[in-house]
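Residue numbers (UniProt numbering): 1 to 332.
Quick reminder that beta carbons are idealized off the backbone N, C-alpha and C, glycines included.
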């Protein structure tokens, strides 16, 4: 990936053992680049970091209100959850309220990432289902919108009215025509954009207000508020999104995406942040977004959630300190 810069380093034995390179962009509410590292024009697939964009048509169309969805449901629509009971039961209830079931989802079955639930299911001999998929809330949102539009059941088809609505919203808030798309792990299309476009979209969400005159801005504000109010539904216990949002007292919404993507929405500052790690490493994207949130003054570097991603020593299986993860010189 051309134009990347060193962002995160792993040190051991007094030397940098590994370096992760990537891009990062901070945008203001007007869409202007406030600060950047690497290439703001680099085109990426944002993966699950843009679930709040994919949920915009659900809310602005009136489908969410028509289905009686609450803020917990909207948080799940933006979630990459761990398939814990709190996630699975809520998505199941959502579908039941639509007169639908797990079989109507198109995301595929995925093992739960919740340790206690995984153990229980193994003992009980239960197989995971699509409700356990980290994207089941997003897909419940797609089904809700499809029902509202009177569209067919294959809502993940790129030509389906649901995905056409998602693409239109995506291109509007990024300010760019998407040059291509890839098929995500949950089978839905994932539209590409530039780093600047992704940060611009997050800044749009940061500037959105519940009393705005346009439906898209009001919808964005509702989704951000849902994420900040219910961080445990956006990811789950022990997960970076949940822990970092709690650490910031719900003042900031953050969302991870596969292959080293992480975004942040700062409503009080009107800023949007986007990070992409070239090699796709989660440890690096979590460290990078932590460093940027600290730099922006919204995250206490001494908070355990921050130190877990950036600052705490790396220890081996005997508990011996062996190294640390640091930000690269010149980044954040």
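Residue i: first and last residue of the uninterrupted beta strand (DSSP E) it sits in
| i | result |
| --- | --- |
| residue 182 | 181 to 183 |
| residue 321 | 321 to 327 |
| residue 18 | 15 to 28 |
| residue 315 | 313 to 315 |
Status (buried if at least 16 other CB within 10 Å, exposed otherwise) for residue i
| i | result |
| --- | --- |
| residue 227 | buried |
| residue 96 | exposed |
| residue 122 | exposed |
| residue 190 | buried |
| residue 49 | buried |
| residue 158 | exposed |
| residue 325 | buried |
| residue 330 | exposed |
| residue 238 | exposed |
| residue 99 | exposed |
| residue 174 | buried |
| residue 211 | exposed |
| residue 317 | exposed |
| residue 89 | exposed |
| residue 26 | buried |
| residue 276 | buried |
| residue 101 | exposed |
Coarse secondary structure for residue i, derived from DSSP in three states
| i | result |
| --- | --- |
| residue 34 | strand |
| residue 159 | coil |
| residue 40 | coil |
| residue 209 | coil |
| residue 257 | strand |
| residue 142 | helix |
| residue 112 | coil |
| residue 176 | coil |
| residue 137 | helix |
| residue 154 | coil |
| residue 331 | coil |
| residue 132 | helix |
| residue 122 | helix |
| residue 82 | coil |
| residue 171 | helix |
| residue 252 | coil |
Per DSSP, the bridge partner or partners of residue i
| i | result |
| --- | --- |
| residue 266 | 271 |
| residue 10 | 18 and 325 |
| residue 51 | In DSSP, residue 51 forms no bridge with anything. |
| residue 68 | In DSSP, residue 68 forms no bridge with anything. |
| residue 5 | 22 |
| residue 277 | 22 |
| residue 194 | 43 |
Whole-angstrom C-beta distance between residue j and residue i, which should lie under 8 Å
| i | j | result |
| --- | --- | --- |
| residue 323 | residue 310 | Not a contact, Cβ separation roughly 13 Å. |
| residue 133 | residue 109 | 7 Å |
| residue 193 | residue 46 | 6 Å |
| residue 135 | residue 186 | 4 Å |
| residue 59 | residue 74 | 7 Å |
| residue 172 | residue 143 | Not a contact, Cβ separation roughly 23 Å. |
| residue 141 | residue 16 | Not confirmed; about 43 Å, so no contact. |
Delimiting residues of the alpha helix (DSSP H) encompassing residue i
| i | result |
| --- | --- |
| residue 189 | That residue, residue 189, is in no alpha helix (DSSP H); its beta strand (DSSP E) goes 189 to 191. |
| residue 225 | 215 to 229 |
| residue 87 | 85 to 97 |
| residue 245 | 240 to 247 |
| residue 306 | 304 to 309 |
| residue 60 | 56 to 60 |
| residue 286 | 282 to 295 |
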